[in-house]
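Reading the sequence shown from the start, the letters are residues 35 to 145 in our numbering.
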Amino acid sequence: MSEQLETVRPEIAGRSPGQIAWMRFKRNKVGVAAAIVSVTILMLSAFAPIACRILGVDPNTLNLEALDSSGVPKLPNGGISLEHPLGLIPGTGRDLLAQLLYGSRISFLVA
């Protein structure tokens, strides 16, 4: 009697273009780092009021006591301190970080 043995071939699983792109993206360390920075900026912009409240900065507060008579911040490096992480805007004395967060929020809402 002759028995035939059938070999079972495993099915080759195909990958979609999206799966291939995702695998390539995960291997690209610079791309992943750029994506993390971009998402962080988007989230900070989207939640600017909450971020400003947590950081203790207000975009509308005039810090005139931190400016000299010509409108330049008295503190070194443009008014950079723990209270104002990116410094003050010369002339107005407003916090630069708060202005950037609110400005980027408006820009992303328009786009």
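From the three backbone atoms N, C-alpha and C, an ideal C-beta is built for every residue, glycine too.
Bear in mind the structure is a predicted one, so any value in this text is a computation, not a measurement.
Can you have a look at V66 and say buried or exposed, based on whether 16 or more other CB atoms are within 10 angstroms of its CB? exposed
Assuming the contact rule is C-beta atoms closer than 8 Å, L101 and G112 should be a hit. Round their C-beta distance to whole Å, please. Contact flag wrong, Cβ pair sits at about 11 Å.
Limits of the alpha helix (DSSP H) - the one that I140 falls within: 130–144
Should the segment 52–64 be called in touch with the segment 104–119, which here means at least 3 C-beta pairs below 8 Å? no
Can you grab the Cα-Cα spacing for the pair R128 / K63, in whole Å? 37 Å
Distance, Y136 Cα to S83 Cα: One point to set straight first is that residue 83 is Pro, not Ser, in the sequence displayed. In a straight line, the C-alpha of P83 is about 8 Å away from that of Y136.
Could you tell me the distance, in whole angstroms, from the CA atom of V144 to the CA atom of T74? 19 Å
Work out the CA separation of S79 and F142 for me, nearest whole Å. 8 Å
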